[in-house]
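Anchor point for the sequence shown: position 32 equals 360 in this note's numbering, and the numbering is continuous, going up by one each time. Each remark here refers to the structure printed beneath this line.
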Amino acid sequence: MLDIMAKKKAWRHLFEEVNFFSRYKHFICLLCTTESEEDHLTFGSLVESKIRHLITFFERNQCVNLCHINPKKFKPLPNCELSVPYENPVVTLWFVGLELNKQMRKNIDLTNEIQQFSDLVLKQASMTGNYKSTMIVRPFYVRGKDLKNWIPESEVTRGVKYQARKTTVQP
């Protein structure tokens, strides 16, 4: 912004897409798989509608300073090992970026929050009567440098790299 005000950059730079994946080093990947497109439309929509609850669960954990969902859905790379009990699954991935509390960085346990989210999704799917055993939601941890194992590198590097704001102390 200061570069724009100083006329070192054009206003269009303010509206360039910022790379989500350059903002965080830690991610939770939400893997949603089903056996058919029809099931995926129903179950994937349910999972997507419940992501805000996962964010709330994470925000309540002292180990997490900030969490942010990338609203874009991704398809995994063809060579990804998904470990599902059927062939040709229909898959969607979402990524939640995490900024962790540096004082607690070594002892972080998000198992409870992830389990709460999984239970919430499966309970809701069962209550609607649409649940099938082939519908799977599996949140798991991914390091930033391992993202290229899940999605195309062009997606990982897309947009302008995030630059943290410089804070100045007023005398």
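No residue lacks a Cβ here, since even glycine has one placed at the ideal position from N, Cα and C. Just so it is clear, the structure is predicted and the values come from calculations on it, not from any experiment.
- Counting other Cβ atoms within 10 Å of its Cβ, Thr361 reaches 16 or more and is therefore classed as buried.
- With contacts defined by Cβ atoms closer than 8 Å, Val465 and Leu382 do not form a contacting pair.
- Cα atoms of Leu421 and Ala338: separation of roughly 35 Å, rounded to the nearest angstrom.
- One alpha carbon belongs to Asn398, the other to Leu369, and they sit about 19 Å apart.
- Here the alpha carbon of Phe371 sits roughly 11 Å from the alpha carbon of Glu363.
- Using a 10 angstroms sphere on the CB of Ala334, the tally of other CB atoms stays under 16, which defines it as exposed.
- The secondary-structure analysis by DSSP pairs Leu358 across a beta bridge with Trp422 and Pro467.
- Between the region 404 to 424 and the region 445 to 457, the count of C-beta pairs closer than 8 Å stays below three; the two stretches do not touch.
- In the three-state scheme derived from DSSP, where H, G and I count as helix and E and B as strand, Val449 is classed as helix.
- In the DSSP assignment, Leu369 falls outside any beta strand (DSSP E) and lies within the alpha helix (DSSP H) extending over Glu365 to Glu387.
- Secondary structure of Val484 (DSSP, three-state): helix.
- In the structure shown, Glu409 adopts coil according to DSSP, grouped into three states.
- The count of Cβ pairs closer than 8 Å, one atom from the region 473 to 484 and one from the region 400 to 409, reaches three, so the stretches are in contact.
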